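The sequence shown maps to residues 70 to 186 in the numbering used here.
Idealized CB from N, CA, C, for every residue including glycine.
Small disclaimer: the values here were computed from a predicted structure and weren't measured.
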Amino acid sequence: MKIGTYFGFEAAHVLPHHPGKCSRPHGHSYRLEVVVEGPLQQGGPAAGMVMDFGDLKEIVRRSVIDQLDHSDLNATISNPTAEEIAAWIWGRLEPALPSLQRVVLWETASAYAAIER
Ligand SMILES: [Zn+2]
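Below, the structure is given as structure tokens:
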């Protein structure tokens, strides 16, 4: 079974190779979807769950949101396209979430980059 969570964060970026307006400093209200997949746990405090939503949210917040929210993305990722940011997020989450299945990063209301296992 799959479970997921959403986060929003605000950040600024510049796309240095872009020939158009994205080469100027600007910001987005990003929306991040994180999905994990696994069997339901059979016992313990997370019985009947893939994992506790609270644990999932804490991992995403600590690994990704705390660093990116209200930041200059170019200080973290040299060419912060939606695709490169999604790949960076995947790399940050995978060590803490071995059951990571999908990362979707919405840069605008109508444009996203996605990575799936
Ligand atoms: Zn942009």
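Helix, strand or coil: which one does DSSP assign to residue 130? helix
Taking the runs of the beta strand (DSSP E) that are 3 residues or longer, which of them lie wholly in the stretch 76-115? 95-106
Three-state secondary structure (DSSP) of residue 20: No statement about residue 20 is possible, as the shown extent of the chain runs from 70 to 186 and does not include it.
State the DSSP-derived secondary structure class of residue 163, mapped to helix, strand or coil. coil
Check the DSSP bridge columns for residue 175 and list the partner residues they point to. 100 and 181
By the three-class DSSP mapping on this structure, what secondary structure does residue 141 have? strand
Test item: CB-CB of residue 117 and residue 125 under 8 angstroms: no
Mind reading off the beta-carbon distance from residue 105 to residue 168? Whole number of angstroms is fine, and I expect it under 8 angstroms. 4 angstroms
Distance check for residue 88 and residue 120, CA to CA, integer angstroms please. 44 angstroms
In chain order, what residues of the same chain have a beta carbon less than 8 angstroms from the beta carbon of residue 138, not counting five sequence neighbours either side? 78, 79 and 80
If we count the other Cβ atoms within 10 Å of its Cβ and call it buried at 16 or more, is residue 95 buried or exposed? exposed
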